[in-house]
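Protein chains in written order, with the numbering used here: chain A, 601 to 863; chain B, 601 to 863.
Laid out in C-alpha cells, this is it:
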C-alpha cells in the first residue's frame, strides 16, 4: 500500500494495481453530442480526475449514437436476399437488410447470422443491436471507422484534460468454441492493441515463443466487468495499467483471412 | 471516493470500482507444494489481506506445477502418428506425443496444432507449454480437472482466511478470427462463469436478447493485465466485482460441439 493511497483523493493505484473505475451519471447520448465534453463533465461530477496514462474504455453503443450510426428499421426495404435469409431464420427482414448492408460476407446463418463486417470484424448480426436504444424500431450500427472515432475522442479528451489519455472502443462479441459474450476492442487510440513478447525471456530466461497478447481485448474485457450490461455504464477508466503509448488500429487484431481456416 | 479509501489500508474499493491486485513474491512452485499456504503467505508478506468476495485468479501454470502435471520430453517415445505430425510441421516428435496424449481430437495442424483436450477445451498444443518452467526438457500440462483444482484451492483459502474467496484458474488461449492470446478461465469455483441477462431489461426497459456474458473469461482477461507474462506474477486478486457465489464448472463455457460449426 503506497502512502499516497491514504493522502490523495485522486491517487494513483498502489504499485502494480490496476483500477477499473466506472464513470456513472452519463446522460442518454444523442446524435451530434460532443462525447469528450459529456464524458469530461461526468468525470468531474463523479469527483474523479483524469490522470496521465488513463485508458478510457467506451462502449461502442454511445459512440454510434453520437455519430448518428443508428437506423430505423421501418425505413428499410428488404432485398430478395434479405427476405430469403429472414424467412429461413424467422427474422425481421428489415433487420436482415440492415445487417446485410453492414456486411462484406455471411459466414454462417444458424443459430444467428455471423458475418464479416466491412471493417473485417467477424461477429453476430454485424454488430447491429437493439439493446440500450430508445424505440422498438431503432437499432445501432457499429461506427464506420471505430479507430478514427477512438483517435478523435482521445485527442479531444487530451485537449480538455491536458492528460495523456488512451481510448479503447469496446463491443460484446461471441466466439467459436466458447459460449457467452466477452468485451473486445473494435477501436483503439494511444494504447498498443497487441503486446509482442516473442524473443523476450520468461523468469527462467527461456525465450517466449508465439506469445502475442491481445491487450486491447483484455482491456475491453476488464472494463466490461465494471460496465454491467443492465445498469448501462458505458464508460470505464482503466488506471494503473503500464503501457507505451502507440497508435495502432484495433483492426490489426483481425486475423488475416488467409491465416484463418475458420472462415 | 469513499472515506474508507483514506483510512483503512485494506479498504474495499470505492463504490463500483474494481481492483486488480497482483500478488507478488511467490516462490517457484514445486510438485506437492501447498498452494493455499504459499499464496496466503505471499498475501501476508505483501501486506494485503483477503476480503469477502475476493476472486483469486491463478495462472494454470502454478496449479499444474503444484499438482505435478509436468512432463519430461526425454521420457516419451513418439508414436507413428506423433512422428508423422512432427515431420509435417517441423516439430519435436516427443512434444507432439505429449500433446496427442492430452488431446481428444486434432482440429487443425497449421500453423500450430489446435486440438480439443480431454476436458473439451479447444486450444493450441493442448495447453502443453514450455514457458516459465525450469529446464529445457520440461513442459507443463493443463490440470487434469481444473474445476476441481479451483474448488480445492478455494476451500483451503477460505479455511485459512475465514473469508469467502472465489477462484478462477486462467490460461492464455488463441482464438479464431482475432490475433493474439487472451486469458480465459479453465477452472472456476465460487463465482458464476456466465451471467445470463436474457429476460432482464436494459435502461430503456427493452428485454435483452441473447445476452449471456462469459464473466469468468472477463475475470481471467482482467487479471491477465496485472499478471504480465514476463514478470511472472501468477496470482491476482480481483476485488470489488459484485457477484452471487455459485459453483459452476468452467467447462460450462465450452460450446457444445453440435452447436459449433467450427469444429
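Glycine included, every Cβ here is placed at the ideal spot set by N, Cα and C. This structure is a prediction, so every number in the text was calculated from the model and none was measured.
- In summary, residue 613(A) is buried, with 16 or more beta-carbon neighbours lying within 10 Å of its beta-carbon over all protein chains present.
- When 8 Å is used as the limit between beta carbons, residue 616(A) is near these residues of chain B: 621, 622, 624, 826 and 833, in chain order.
- For the region 756-778 of chain A, the set of residues with a beta-carbon nearer than 9 Å to any beta-carbon of chain B comprises 772, 773, 774, 775, 776, 777 and 778, in chain order.
- Counting only residues of its own chain and dropping the five nearest sequence neighbours on each side, residue 766(A) has a CB closer than 8 Å to the CB of 653, 654, 655, 656, 754, 788, 789, 790, 791, 843 and 845.
- At a C-beta separation below 8 Å, residue 654(A) has no neighbours in chain B, since its nearest C-beta there lies roughly 13 Å away.
- Interface residue (Cβ-Cβ distance to chain A less than 9 Å): residue 639(B) is not classified as such.
- Taking CB atoms only, residue 855(A) has a neighbour in chain B less than 9 Å away.
- In this chain, the beta strand (DSSP E) harbouring residue 620(A) covers 618-622.
- Judged by beta-carbon spacing, residue 660(A) lies beyond the 9 Å limit of residue 720(A), meaning their Cβ atoms are not closer than that value.
- Annotation for residue 797(B): 808, 811, 812 and 813 place their beta carbon closer than 8 Å to its own, counting only its chain and skipping 5 residues before and after.
- Straight across, the Cα-Cα distance linking residue 857(B) with residue 785(B) is about 19 Å.
- At a cut-off of 9 Å between beta-carbon atoms, residue 702(A) makes no contact with chain B.
- Fully enclosed beta strand (DSSP E) runs of no fewer than 3 residues occupy 703-708, 714-717 and 722-724 of the region 688-737 of chain B, in order along the chain.
- C-alpha of residue 630(B) to C-alpha of residue 751(B): approximately 20 Å in a straight line.
- Residue 740(A) sits buried, since 16 or more C-beta atoms from the chains shown fall within 10 Å of its C-beta.
- Residue 634(A): not part of any alpha helix (DSSP H); DSSP gives it neither H nor E.
- Within chain A, the residues placing a beta-carbon under 8 Å from that of residue 819(B) are 825, ordered along the chain.
- Taking all protein chains in view, the Cβ of residue 688(B) is surrounded by fewer than 16 other Cβ atoms within 10 Å, so the residue is classified as exposed.
- Under the three-state reduction of DSSP output, residue 846(B) falls in the coil class, being neither helix nor strand.
- When secondary structure is reduced to three states using DSSP, residue 625(B) falls in the coil class, being assigned neither helix nor strand.
- Contact of residue 838(B) with chain A is assigned, a C-beta pair being separated by under 9 Å.
- DSSP, read as helix, strand or coil, puts residue 824(B) in helix.
- Sixteen is the threshold: since fewer than 16 other Cβ atoms of the shown chains lie within 10 Å of the Cβ of residue 680(B), the residue is exposed.
- Closest by C-alpha distance to residue 619(A), out of 644(A), 648(A), 627(A) and 626(A), is 648(A).
- When the Cα atoms are used, residue 853(B) and residue 759(A) turn out to be separated by approximately 43 Å.
- Only residues of its own chain outside the window of five on either side were considered, and among them 628 have a CB closer than 8 Å to the CB of residue 734(A), listed in chain order.
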